[in-house]
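In the working numbering, the protein residues as written are 47 to 384.
Using N, Cα and C, we set each Cβ at its ideal position, and we do this for glycine too.
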């Protein structure tokens, strides 16, 4: 009896299939997706990222993709974890730098090696949620956009001081730069191949990829999401590193500080000339020397500091010129899987 019941169930299943029951899901897109994952000291995060990405890929019908891990001079077992995944999954590829060259260099290396029709950059710590990928593909495939970018609209879990300076940075950058940058924008962005090719044509040594996205143009849809805490490990960005990175970004996409230094110099020259005339007239009329040693010293210190600040700003731009003229490679690869 049990055997007959089993036969009836199998026969019913066969008839449903013959009647047009749904088969395997169609992938969300045609072509190859290249996922670039810069990572430094992310040994704990990598297995979690891999498992989470596979879940999203399954929900999208298991489309064709490659995972390109760019190991940026880690001091832990990050590279060993990547190699383990590569030995188990042929879709996992990796590049390992000879030392730490920074996230900008890692993203550049990943874009150079990406073979996909679509390319995205994601952090291994899962603060760039893979779950946003279906929305990003929908924006590109169904709404006609060339890229879809993630924007963090909350900063939950971040220190108030760090949040304040982050907002101040975007306000200053938007005020001084002819291009406009979205506050909370991430490097997490899905792009068509043509956009990536245009970014790769910019071979400058001082790279600020968020600025390059804006500079090359193309239509971008912003996808807002709430801040997601790290799943493992700790942030690799110190406050000082973020400050230096912000200064690089500002001087890479704006020459306003140079013009401002010139304007400030002209204003103080005019004020000094006026002060000389006033003091000369005062001396001729009242025959009194200009008193105020303390105020004079304060003025000298202020103007000296202003001069040093302007010289430092000029030096920052000259340093960029110096780095560009050396034409050193953006990174040195110690090992790769392809």
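Can you tell which of the options has the C-alpha that lies nearest to the C-alpha of residue i?
i: residue 349; options: 318, 360 and 137; result: 318
i: residue 383; options: 331, 143, 163 and 190; result: 143
i: residue 112; options: 100, 150 and 123; result: 100
i: residue 17; options: 267, 271 and 244; result: Residue coverage of the chain in this structure runs from 47 to 384, which leaves residue 17 outside it and unanswerable.
i: residue 165; options: 199, 377, 378 and 194; result: 194
i: residue 235; options: 88, 265, 213 and 200; result: 265
i: residue 170; options: 256, 87 and 363; result: 87
i: residue 342; options: 321, 327 and 356; result: 321
i: residue 124; options: 84, 98 and 97; result: 84
i: residue 172; options: 362, 192, 102 and 108; result: 102
i: residue 196; options: 186, 178 and 184; result: 178
i: residue 380; options: 366, 116, 352 and 97; result: 116
i: residue 364; options: 114, 226 and 252; result: 252
i: residue 98; options: 176, 359 and 149; result: 176
i: residue 108; options: 114, 366, 185 and 137; result: 137
i: residue 241; options: 153, 309 and 192; result: 192
i: residue 160; options: 120, 145 and 114; result: 114
i: residue 374; options: 330, 249 and 327; result: 249
i: residue 184; options: 346, 75 and 126; result: 75
i: residue 226; options: 149, 263 and 126; result: 263
i: residue 274; options: 126, 174 and 135; result: 174
i: residue 149; options: 126, 120 and 328; result: 120
i: residue 239; options: 257, 231, 186 and 356; result: 186
Under the DSSP definition of a beta bridge, which residues are partnered with residue i?
i: residue 115; result: 83 and 140
i: residue 268; result: 195
i: residue 236; result: 166 and 194
i: residue 382; result: 141
i: residue 231; result: 197
Assuming residue i contacts residue j under a Cβ cut-off of 8 Å, what Cβ separation, rounded to an integer in Å, is found between them?
i: residue 10; j: residue 104; result: The structure shown does not extend to residue 10, since the chain is modelled only from 47 through 384, so no value can be given for it.
i: residue 182; j: residue 269; result: 6 Å
i: residue 118; j: residue 140; result: 11 Å between Cβ atoms; not a contact.
i: residue 233; j: residue 167; result: 5 Å
i: residue 162; j: residue 77; result: 7 Å
i: residue 106; j: residue 180; result: 6 Å
i: residue 213; j: residue 189; result: Incorrect: roughly 29 Å between the Cβ atoms, too far for contact.
i: residue 199; j: residue 271; result: 7 Å
i: residue 377; j: residue 151; result: 4 Å
i: residue 352; j: residue 309; result: Their Cβ separation, rounded to whole angstroms, is 12 Å, which puts residue 352 and residue 309 out of contact at 8 Å.
i: residue 153; j: residue 255; result: 6 Å
i: residue 362; j: residue 246; result: About 26 Å; that fails the 8 Å criterion.
Under a CB-based cut-off of 7 Å, is residue i close to chain C?
i: residue 255; result: Reference to chain C is not applicable here, since this structure consists of a single protein chain.
Validate contact between the stretch 120-132 and the stretch 81-92 using beta carbons, cut 8 Å, 3 pairs
Note that the stretch 120-132 touches the stretch 81-92; at least 3 beta-carbon pairs, one per stretch, sit closer than 8 Å.
Runs of alpha helix (DSSP H) wholly within the stretch 147-196 (minimum 4 residues, chain order)
149-159 and 179-187
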